[in-house]
Amino acid sequence: MVVYVSLDEHYSRPILRAFEEKTGIRVLDRYDTEADKTTGLFLRLQSERTRPRADLFWNSEVLRTVQLAGPLGGRGIFGEIPKPLMAPFPERFRDPAGRWVGFAARARVLIYNRALLGKESPPDSISDLTHPRFKDRAVLALPLFGTTATHAGALRATLGPEAMERLYRRYRENGVRIVGGNALVRELVASGQAVVGITDTDDAHEALRAGAPIGIVFPDQLAALEGRSVPLGTFLIPCTLGIVAGGPHSDEARRLAEYLLSAEVEEMLSKSGSAQIPLRPGLPPPAALGLPTDLRAMDVDLAAAARGLEEAEPFLRNLFVR
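Residue 542 in the numbering used here sits at position 86 of the sequence shown, and the numbers go up by one each step.
The structure is reproduced here in structure tokens:
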């Protein structure tokens, strides 16, 4: 069977090899490159719609999966996942039509350099990058690709277009440095070339494992952003799984889906260097991340966020690339 995978190969490949050993089913895994992260396989699946080559898509994020699934009642790339496989996961991370399900999440977090911050209080909101004390001292990946674009789409859906655009304009006005990716955000903060940045928990965890002097904050847990009555919460980005409709090995794809959605695999991903956060209730999160026990997650309509991802692109490109 053929699996398209956008999760980093060094984290996903051992899991797929373990499945082969357990079942005897051969898996041909195909990966995105770092340069076209997530988008390359997204475009490939679209181009193969009428003659599917893949049997299953294991995506490292969610909004491109939502786009591939298509509108409710419409024809998309994926068939239905058996309901018992989806049932253990929170409703917010399940497609209402059963075409995809989210598991093993990352979070968008603030990281800061503890040595540079000194006795100053750590940031606690994504809006803190607009604060005068962080002028020309903050860093963010270009919000046109990967999880940074996904985050922008979610903010557009949750805050509304005007508030979302105002936030990013204030980033620019405050001298937030825009760089090529989340890993570079991690490196700049860890090395002391920036004080604070926004990145993903897997990148933050890699910095911790390397002994970098960073702190991690799950943002927007307490105070509400301007114009909101309740805190925004931290944006969680699950891995997502979809079984390709009309794929040549549908029975094998269902067996792999059952394995990938198991507690065993979420535990493997949690204990790996990527430090994925299990979404199945009862499984402990990675200890090194310091995940709050009462974490407030951003309540976002993922279908609206997928639309927001596309709607935000011209604005963000004009703001940061022109």
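For each residue, glycine too, the CB sits at the ideal point set by N, CA and C.
query                                                                                                                                                  : result
Are T690 and F674 closer than 9 Å when you measure CB to CB?                                                                                           : yes
Is I693 closer than 9 Å to A561 when the C-beta atoms are compared?                                                                                    : yes
Sort A744, S730, P737 and P704 by Cα distance to A719 and report the nearest one.                                                                      : P737
By a C-beta neighbour count over all protein chains shown, 10 Å radius and 16 as the cutoff for buried, is S730 buried or exposed?                     : buried
Using the three-state DSSP reduction, which class does D592 fall into: helix, strand or coil?                                                          : coil
For the segment 576-589 and the segment 544-553, state whether three or more C-beta atom pairs, one from each stretch, are separated by less than 8 Å. : no
What residue does the beta strand (DSSP E) around F549 start on, and which one ends it?                                                                : First-last for F549: undefined, no H or E at that position.
Would you tell me roughly how many angstroms separate the C-alpha atoms of M542 and L524, rounded to the nearest one?                                  : 18 Å
Could you check the C-alpha separation between G648 and N569 for me, to the nearest Å?                                                                 : 6 Å
Quick check: the segment 662-676 against the segment 739-752, are at least 3 beta-carbon pairs closer than 8 Å?                                        : yes
With distances taken from CA atoms, which of R531, L678 and L640 is nearest M754?                                                                      : L678
If you run the structure through DSSP and keep just helix, strand and coil, what is N569?                                                              : strand
Which residue from R593, L623 and K539 puts its Cα closest to that of T683?                                                                            : The question names Thr, yet the displayed sequence has Gly at residue 683. Nearest C-alpha to G683: L623.
Have a look at D551 and V645 and give me their C-alpha separation to the nearest angstrom.                                                             : 36 Å
Can you tell me where the beta strand (DSSP E) holding P694 begins and where it ends?                                                                  : L692 to I699
In three-state terms, what does DSSP make of T655?                                                                                                     : strand
So L600 and E769 are supposed to be a Cβ contact under 8 Å. How far apart are they, rounded?                                                           : 6 Å
Just reading off the beta strand (DSSP E) that A602 is part of, what are its end residues?                                                             : Here the sequence assigns Gly to residue 602, which means Ala is not the residue at that position. Segment G602 to L615 is the alpha helix (DSSP H) holding G602; no beta strand (DSSP E) there.
Within 10 angstroms of the Cβ of T696, are there 16 or more other Cβ atoms? Answer buried if so, exposed if not.                                       : buried
Going by beta-carbon coordinates alone, are L688 and L615 separated by less than 9 Å?                                                                  : yes
By alpha-carbon positions, which one of V461, A760 and R778 ends up nearest to P617?                                                                   : A760
Shortest alpha-carbon distance to G535 belongs to which of A510, A619 and L519?                                                                        : A510
What are the complete beta strand (DSSP E) segments, minimum 3 residues, inside the segment 476-513?                                                   : 484-487
Can you tell me where the alpha helix (DSSP H) holding V461 begins and where it ends?                                                                  : Segment V458 to V461 is the beta strand (DSSP E) holding V461; no alpha helix (DSSP H) there.
So, with DSSP's three-state summary, where would you put I537?                                                                                         : coil
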